[in-house]
Every structure is written in C-alpha cells, then in structure tokens.
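Chemist: If you read the sequence shown in the numbering used here, its first letter stands for residue 2, the second for the next number, and so on.
We put the CB at the ideal spot given by N, CA and C, even for glycine.
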Amino acid sequence: MIHRLGDPGALRAACGDDDLVVWTAQDLRAQARAWASRQAVVAAAPGIARHDRLAVWGDPDDAAELVRHALAELGPTYRPLGERELMRRVAARLEGVRESGAFSWMSLQGPPAGARAGQADASPLHAAPLAAGPPPVVGWLDGDAEQEIAALLAGDAPSSYAVPGAAGVRRWAGVRVGRELAAVAADAWSAPSVGLLAGVATAARFRGRGLAERVCGWMSSQLVATHGRAALMVDDVNAAAIKVYERIGYRRRLVLACHVAG
2 MIHRLGDPGA LRAACGDDDL VVWTAQDLRA QARAWASRQA VVAAAPGIAR
52 HDRLAVWGDP DDAAELVRHA LAELGPTYRP LGERELMRRV AARLEGVRES
102 GAFSWMSLQG PPAGARAGQA DASPLHAAPL AAGPPPVVGW LDGDAEQEIA
152 ALLAGDAPSS YAVPGAAGVR RWAGVRVGRE LAAVAADAWS APSVGLLAGV
202 ATAARFRGRG LAERVCGWMS SQLVATHGRA ALMVDDVNAA AIKVYERIGY
252 RRRLVLACHV AG
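(1) Between the beta-carbon of L82 and the beta-carbon of L257, is there less than 8 angstroms?
(2) Exposed or buried, which one is E265 when buried takes at least 16 other CB atoms within 10 Å?
(3) Go ahead and pull the three-state DSSP assignment for V238.
(4) From what residue to what residue does the beta strand (DSSP E) around A56 run?
(5) Here's the rule: buried if 16 or more other CB atoms are within 10 angstroms of the residue's CB, otherwise exposed. What is D19?
(6) Relative to the C-alpha of S101, which candidate in Q110, L109, P112 and M88 has its C-alpha closest?
(7) Assign A71 to buried or exposed, taking buried as 16 or more other Cβ atoms, counted over all protein chains shown, within 10 Å of its Cβ.
(8) Please state whether DSSP places G156 in a helix, a strand or coil.
(9) Looking only at DSSP bridge pairs, what is C259 linked to?
(10) On the three-state DSSP scale, how would you describe A204?
(11) I need the DSSP call for G119, collapsed to helix, strand or coil.
(12) Compare the Cα-Cα distances from S160 to each of L12, R51 and L255 and report the closest residue.
(13) Per DSSP, what kind of secondary structure is L340 in: helix, strand or coil?
(14) Quick one: Cα of D1 to Cα of A26, how far?
(15) According to DSSP, is A65 part of a helix, a strand, or is it coil?
(16) So what's P9 in DSSP terms, helix, strand or just coil?
(17) To which residues of the same chain is H127 closer than 8 angstroms at the C-beta, ignoring the five residues directly before and after it?
(18) Roughly how many whole angstroms lie between the Cα atoms of V185 and G169?
(19) Is the Cβ-Cβ distance between A205 and D143 less than 8 angstroms?
(20) If you run the structure through DSSP and keep just helix, strand and coil, what is I243?
(21) Might you give, ordered along the chain, the residues of its own chain that have their beta carbon closer than 6 angstroms to the beta carbon of L21, omitting 5 neighbours on each side?
(22) From the DSSP output, in three-state form, read off R30 for me.
(23) Excluding five sequence neighbours on each side, which residues of the same chain lie with their C-beta closer than 7 angstroms to the C-beta of G229?
(24) Using only alpha-carbon positions, find the residue among D53, I3 and G48 that is nearest to S38.
(25) Output the boundary residues of the beta strand (DSSP E) element that contains G111.
(26) Judging by CA-CA distance, which residue of A65, G48 and I49 is the nearest neighbour of W36?
(27) Is the beta carbon of G10 less than 8 angstroms from the beta carbon of L29?
(28) Check P125 in the structure and name its three-state DSSP category.
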C-alpha cells in the first residue's frame with residue numbers, strides 16, 4: 002500500500018537516511034513530497050538543480066509502482082533518478098519512462114579530510130606551487146563579486162547549473178590570486194540536512210595549482226557544519242574533478258536520471 006510521508010524523520014527512517022533521497026525531499030518543505038510502499042521510497046521537489054526531480058530508492062518492483070504513482074500526481078516534468086542499476090530496472094517496468102543520462106552523486110558524511118587533520122586551509126598535497134607569498138585565502142564572496150563570478154563561469158564552466166542570481170543558489174565562496182578571482186564554488190539548492198556543493202570553476206590560467214580543491218574543501222567544511230553532511234553531482238567523464246572530491250573525502254555512487262518520453 003502506498004502512503005504519503007509527511008515528516009522528515011519518517012522519510013529518513015523509511016529510506017535508511019539515503020542522502021540522495023533526503024536531499025531531493027528538501028525536508029518536505031513547500032511543494033516537496035514523498036511516498037513509501039513496502040521496500041521503496043520516492044521523494045520529489047520542483048526546481049532543484051534546475052529540474053523537477055524525483056529520487057528513487059529500494060526494491061525495483063515497489064519503486065516502479067511508486068514512480069508510476071508519483072508521476073501521475075506530479076506530472077511528466079519530474080525526472081526520476083537513483084542508483085544506476087535500480088533505475089534501469091525501474092525504467093524497464095514503466096511504459097514511457099526512458100533513460101536520460103548517467104552521472105555520479107558524491108556525498109561527504111563528516112568533515113573533509115583536511116579538516117580532520119587540522120589542515121583545512123593547507124595547500125593540497127597534489128597542488129603545483131604558487132608564487133612566493135602567503136597562500137590564497139578562501140572566503141565568502143559578497144554581492145559585488147557576482148559579475149566576476151558570472152564571467153569566470155561563462156568562460157571556464159559554461160555548463161554550470163549554478164550561476165549568480167539563479168533560484169536556489171544561496172552564496173558563493175572563492176579565492177583570489179592577487180586581485181583576480183581564480184576559483185569559485187557555490188552553496189546551491191541545499192536541503193536542511195544535506196548541503197549541496199555546485200558551481201565549481203577555476204579560471205584557465207590558474208588551473209593545476211590546487212585552487213579548486215582548496216575552495217571545495219573549505220566550502221565542504223561550511224556545508225557539513227551547517228547541514229551535517231554535503232553532496233554534489235559530477236559528470237562521470239570528469240575524472241580530474243572526481244579525484245579532487247575523493248581526496249576531500251567524498252564517496253561516489255553511480256546514478257541514472259530518466260525522463261517521461263513525449
């Protein structure tokens with residue numbers, strides 16, 4: 002029997018506190034919804050990370066039933082996503098649901114590796130040396146930096162979902178080399194109990210110096226301190242970024258997103 006979950010605690014218990022489901026549920030605020038049935042849970046929220054998303058967890062047969070129910074109530078704009086093999090089996094059971102794209106979901110359950118070692122601001126082990134002088138300091142960027150952030154993203158990360166001023170993009174951190182903004186990352190679409198790292202970019206002329214790792218490590222510390230854990234989405238082909246996130250302490254899960262055809 003399908004039943005609606007109206008309490009964040011009940012949702013976490015039903016899905017084993019799965020961070021992808023909990024993040025998608027956004028603690029069931031506003032228009033977010035969740036359902037459970039036997040050995041499966043789905044959670045949905047509109048407009049997070051630029052899409053209406055429907056996270057899926059559990060047994061494929063039970064999950065397919067829940068996805069069918071949720072799509073009937075929510076409409077075809079919602080994109081089911083979850084662990085890759087689960088979603089392949091769910092899509093095979095549902096007429097009109099097609100695979101869209103594979104990527105990785107990475108999560109951090111505690112302080113970043115550098116923070117655990119008391120070295121959150123230390124230079125990454127794999128960084129190329131910077132010019133002589135004190136190491137660049139990571140910090141929050143104020144509203145006056147939005148044009149600089151937008152220019153950096155347009156030139157060096159044009160596919161970034163997070164951009165200044167977009168709905169759900171809360172704040173930016175960055176590092177400067179001299180007066181030039183060299184690397185940035187965003188706190189975007191975070192849920193109360195899962196912070197999301199997005200909008201990571203480094204200016205081309207500053208790549209290879211470990212600046213993105215420095216910014217991501219610092220931002221991850223902030224997200225964990227505020228939300229208890231952090232997560233991010235990354236393309237599978239971006240091997241260099243995945244290695245950076247793994248050094249920080251993120252653990253990787255292969256996921257698949259689907260869509261309703263037509």
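Modeler: In terms of the structure at hand:
(1) The Cβ atoms of L82 and L257 lie closer than 8 angstroms to each other.
(2) Missing from the structure shown is residue 265; the chain here goes from 2 to 263 and no further.
(3) In the three-state scheme derived from DSSP, where H, G and I count as helix and E and B as strand, V238 is classed as coil.
(4) For A56, the enclosing beta strand (DSSP E) starts and ends at H52 to G59.
(5) Burial check for D19: the Cβ neighbour count within 10 Å reaches 16 or more, so the residue is buried.
(6) When the alpha-carbon of S101 is set against those of Q110, L109, P112 and M88, the nearest one is in M88.
(7) A71 is buried by the Cβ-count criterion.
(8) In the structure shown, G156 sits in a helix (DSSP, three-state: H, G or I).
(9) In DSSP, C259 forms a bridge with E100.
(10) Reduced to three states, the DSSP call for A204 is coil.
(11) No answer about G119 holds up, because its pLDDT of 36 lies below 50 and its placement is not dependable.
(12) The candidate whose alpha carbon is nearest that of S160 is R51.
(13) Absent from the model: residue 340. The displayed extent of the chain is 2 to 263, so no value can be given.
(14) For residue 1 there is no data in the structure shown, the boundaries of the chain being 2 and 263.
(15) DSSP places A65 in helix when its eight states are reduced to three.
(16) P9 falls in the helix class under three-state DSSP.
(17) With a pLDDT of 38 at H127, under the threshold of 50, the modelled position of that residue is not reliable, and the figure given next carries that caveat. G211, E214 and R248.
(18) Distance between the alpha carbons of V185 and G169: 17 angstroms.
(19) No, the pair does not count as a contact, with Cβ atoms beyond the cut-off.
(20) Judged by DSSP in its simplified three-state form, I243 adopts helix.
(21) For L21, where only same-chain residues beyond five positions count, the Cβ hits under 6 angstroms are A56 and W106.
(22) In the structure shown, R30 sits in coil (DSSP, three-state: anything other than H, G, I, E or B).
(23) Around G229: S194.
(24) Taking only the C-alpha atoms, the option nearest S38 is I3.
(25) Careful: G111 lies outside any beta strand (DSSP E) and carries neither H nor E.
(26) Measuring from the Cα of W36, the nearest candidate turns out to be A65.
(27) No. Outside cutoff.
(28) Low confidence applies to P125: its pLDDT is 38, below 50, so where it sits in the model is not reliable, and the reading given next is rough at best. Secondary structure of P125 (DSSP, three-state): coil.
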